[in-house]
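**Student:** Heads up: the sequence shown begins at 0 in numbering that gives the first Met the number 0, then just goes up one per residue.
Heads up, the beta-carbon is just placed ideally off N, CA and C, and yes, glycines get one too.
This is the structure, below, for whatever I ask next.
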Amino acid sequence: MHVKLVNQPLELIPADLTVEFITPQTLESHPLKGLLQQAGFKAEQEQLCALHEHRLLVCGMSETNDESLRSAMGTVIKTAMDYGYPSLKLSQYGLTHFKALIEGAVLGSYRFETYKSEPKQSSLKEVVFSTENHDHIALNSDELTSILEQTLIIAKSTNFVRNLVNQTPYDMTPQAMGIVADELGRTNNLECTILDHNALEEQKMNAMLSVGRASINPPRLIHLAYKPKNPKKVITLVGKGLTYDSGGLSLKAAASMVTMKMDKAGGCAVMGIIKAVSELKLDIEVHAFVGAVENMIGGNAYKPDDVLVAKNGKTIEVRNTDAEGRLVLADVLGYAQENVKSDYIFDYATLTGACMVALGPYTTGVMGHNEELKQSWLRAADESGEYCGNLPFNRHLKKLIKSDIADVSNVSSKPYGGAITAALFLDNFIDEEMKQKWVHFDIAGSAYTESAWDVHNYGATGAGVRMTLEWLLKLQQQGNN
Ligand code: BES
Ligand code: ZN
Ligand code: ZN
């Protein structure tokens, strides 16, 4: 589906269907108010009313803001894709809301049909935006064009991430993730280094290797780098790339194992972020590291009671093999910090079910030592249309991961605050000089959905991509001032 901008009044644009968003207030003065009300339309958020004889589809929204427009646009697209019209057109709702409309269209139209024997073919080929506002006031078309270009890159990168996460553990193995990274490196001119089993052994990444030991699919550490000339800042991104998490010997219950192909969402997110950064040509050097591993059972599986020596020399008592993501991240964080000196380090991981208990299934948990830095992320997330919530550290929680036989235990001794104690475990693998420059994102709830919400259909959401691009674009602007 193609999204384009036409520098003409809406009436002059040829299209099969016109889409309008109506609030309870704007309904009052609408020329088709009588007809719409007769059809039971009250302009409630997401309420649709199609007047096919007028070639008009209206969608209600509570108020004219980004969130309502994005979500309403998503609902419109999901429905219009099944109508059979090849094109639809809309006017603007103000310069600042254009981004939300494009996101609604591109993210809302995403469907994952790779495994359907007969993929649904949508007849909708084109969404056309007029440069004019709803009240016929022309907006700056150069500004609209650059918003369109930028937003398309970010939304398509989000869909790229969704496509990777949605693939089965049979198809998207650690090696397959390496191939995807290699291809991305070639198309987007990124440096790509991939460490295989032997290279990981040489690097003494025993925590990561232990997690992957019982799998027939050997692990990969992926390093993609975007290096513009004279970068304003250097950023390191680290992603948890568990292509499958069975729990290992601390085996998950059958019902909890379903959907665990999504445990690679953090790794996929950092690949999507670096894709967008390179296409936007930001003046920021970005390094994306992915720990791609499969957590399985077998005669050679790592065990509860094992003690692992991580790359940075710290010893870890394994008390639960299902708390594997933090073990992989421990080594990848160590490798990343040893190889790249950066201004900030951010990690993305579907790390804990506890994060979902704390914040619900839509919200990413934000953790770290630097309050101001976390606040900048909460603001960026809010502006990007992603939900984030702060989960605060304290020194008492830190005591819960003490081990009697090693430097640290991989699980907490108490059943509460599990998202935070997981982050405090990671803190053991953050170098002293990076403590204030590190933020951890737990995307366990936000990365995947089994029922459609907002601009998401069933499956992967691409969590982390939009908020990170928002944060990076702000960082770039600060550098320009
Ligand atoms: N990948 C899971 C976390 C997860 C759970 C993500 C549900 C998405 C949805 C992680 O590896 C895990 O199993 N964590 C355990 C930790 C526990 C053993 C301390 C959990 O959350 O139960
Ligand atoms: Zn697990
Ligand atoms: Zn996991």
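#1: Following the continuous beta strand (DSSP E) through D141, name the residue where it begins and the one where it ends.
#2: If you compare alpha carbons, which of G247, M259, R219 and P391 is closest to N299?
#3: Give me whichever residues DSSP pairs with T25 in a beta bridge.
#4: Under 6 Å: does the beta carbon of N456 sit that close to some heavy atom of ligand 1?
#5: I'd like the list of long-range same chain contacts for H455, defined as Cβ closer than 6 Å, with 5 residues on each side in sequence excluded.
#6: Examine ligand 1 and report whether any of its heavy atoms sits within less than 6 Å of the Cβ of D321.
#7: If you measure from the CB of D282, is any heavy atom of ligand 2 nearer than 6 Å?
#8: Starting from M366, follow the beta strand (DSSP E) in both directions and report where the run begins and ends.
#9: Report the option in P8, H135, K77 and E62 whose CA atom is closest to the CA atom of W452.
#10: Runs of 4 residues minimum, wholly inside the segment 195-252: which ones carry the alpha helix (DSSP H) assignment?
#11: The alpha helix (DSSP H) with V327 in it runs from where to where?
#12: Can you tell me whether Y169 is buried or exposed? The criterion is at least 16 other CB atoms within 10 Å of its CB, across all chains shown.
#13: With distance defined between alpha-carbon atoms, name the residue in M355, S209, P30 and I152 nearest to K98.
#14: Would the beta-carbon of D330 be found less than 6 Å away from any heavy atom of ligand 2?
#15: Relative to the C-alpha of N314, which residue among K397, N187 and V407 is closest?
#16: Return the bridge partner residues of I344 from the DSSP annotation.
#17: In angstroms, rounded to a whole number, what distance separates the CA positions of V438 and L332?
#18: Taking G93 as the reference, give the member of E66, N338, T25 and I136 with the closest Cα.
#19: Confirm, please, whether the CB-CB distance from M466 to E385 is below 7 Å.
#20: Considering just the uninterrupted stretch of the alpha helix (DSSP H) at F424, what are its terminal residues?
#21: Would you give the residue range spanned by the alpha helix (DSSP H) that T467 belongs to?
#22: Round the Cβ separation of G73 and L47 to the nearest angstrom and send it over; I've been treating them as touching at under 8 Å.
#23: Does the beta-carbon of R325 have 16 or more other beta-carbons within 10 angstroms, so that it is buried, or is it exposed?
#24: Can a CB atom of chain D be found closer than 7 Å to the CB of L56?
#25: In the DSSP assignment, find the unbroken beta strand (DSSP E) run with E125 in it and report its ends.
**Tutor:** So, from the data block:
#1: By one-based count along the sequence shown, residue 141 stands at place 142. Here D141 belongs to no beta strand (DSSP E); instead the alpha helix (DSSP H) covers S140 to N165.
#2: In the sequence shown, the residue the question calls residue 299 occupies position 300. Checked all of G247, M259, R219 and P391; the closest Cα to N299 is G247.
#3: Taking the sequence shown and counting its residues from 1, one reaches residue 25 at position 26. None, per the DSSP bridge assignment.
#4: For the purposes of this step, residue 456 is identified with residue 457 of the sequence shown, where counting begins at 1. Checking the Cβ of N456 against ligand 1 gives no.
#5: Sequence index remark: in the sequence shown, residue 455 carries index 456 (1-based). The residues T448, in chain order, have a CB closer than 6 Å to that of H455 in the same chain once the five nearest residues on each side in sequence are set aside.
#6: On the sequence shown, position 322 is the one that residue 321 refers to. Checking the Cβ of D321 against ligand 1 gives yes.
#7: Position 283 of the sequence shown, counting from 1, holds the residue named residue 282. Because no heavy atom of ligand 2 lies under 6 Å away, the Cβ of D282 does not count as near it: no.
#8: One-based indexing of the sequence shown puts residue 366 at position 367. M366 -> beta strand (DSSP E) spans T362 to M366.
#9: By one-based count along the sequence shown, residue 452 stands at place 453. Closest by alpha carbon: K77.
#10: 196-201 and 205-211
#11: Translated into positions along the sequence shown, residue 327 becomes position 328. G324 to N338 is the span of the alpha helix (DSSP H), which, as asked, contains V327.
#12: Locating residue 169 in the sequence shown gives position 170, counting from the first residue. By the 10 Å Cβ count, Y169 comes out exposed.
#13: Residue numbering aside, residue 98 sits at position 99 when the sequence shown is read from its first letter. Taking only the C-alpha atoms, the option nearest K98 is I152.
#14: Numbered from 1 along the sequence shown, position 331 holds the residue referred to as residue 330. Not under cutoff, so the answer is no.
#15: For this step, residue 314 is matched to residue 315 along the sequence shown. Checking the displayed sequence, the identity of residue 314 turns out to be Thr instead of Asn. Nearest C-alpha to T314: V407.
#16: Taking the first residue of the sequence shown as 1, we reach residue 344 at position 345. Looking at the DSSP assignment, I344 forms a beta bridge with T235 and W437.
#17: For the purposes of this step, residue 438 is taken as the residue at position 439 of the sequence shown. For the purposes of this step, residue 332 is taken as the residue at position 333 of the sequence shown. Approximately 12 Å between the Cα atoms of the pair.
#18: Working through the sequence shown from its first residue, we reach residue 93 at position 94. Taking only the C-alpha atoms, the option nearest G93 is I136.
#19: Position 386 of the sequence shown, counting from 1, holds the residue named residue 385. Position 467 of the sequence shown, counting from 1, holds the residue named residue 466. Yes; because the gap between Cβ atoms is below 7 Å, this pair is in contact.
#20: In the sequence shown, the residue the question calls residue 424 occupies position 425. Run containing F424: G417 to D426, per the alpha helix (DSSP H) assignment.
#21: Residue mapping note: residue 467 aligns to position 468 of the sequence shown, counting from 1. Where T467 is concerned, the enclosing alpha helix (DSSP H) stretches over V464 to N479.
#22: Here residue 73 corresponds to residue number 74 of the sequence shown, with the count starting at 1. Here residue 47 corresponds to residue number 48 of the sequence shown, with the count starting at 1. About 12 Å; that fails the 8 Å criterion.
#23: The count along the sequence shown starts at 1 and reaches residue 325 at position 326. Buried, since its Cβ has 16 or more Cβ neighbours within 10 Å.
#24: The structure shown contains no chain D, having only a single protein chain.
#25: Sequence index remark: in the sequence shown, residue 125 carries index 126 (1-based). Element bounds for E125: E125 to N132.
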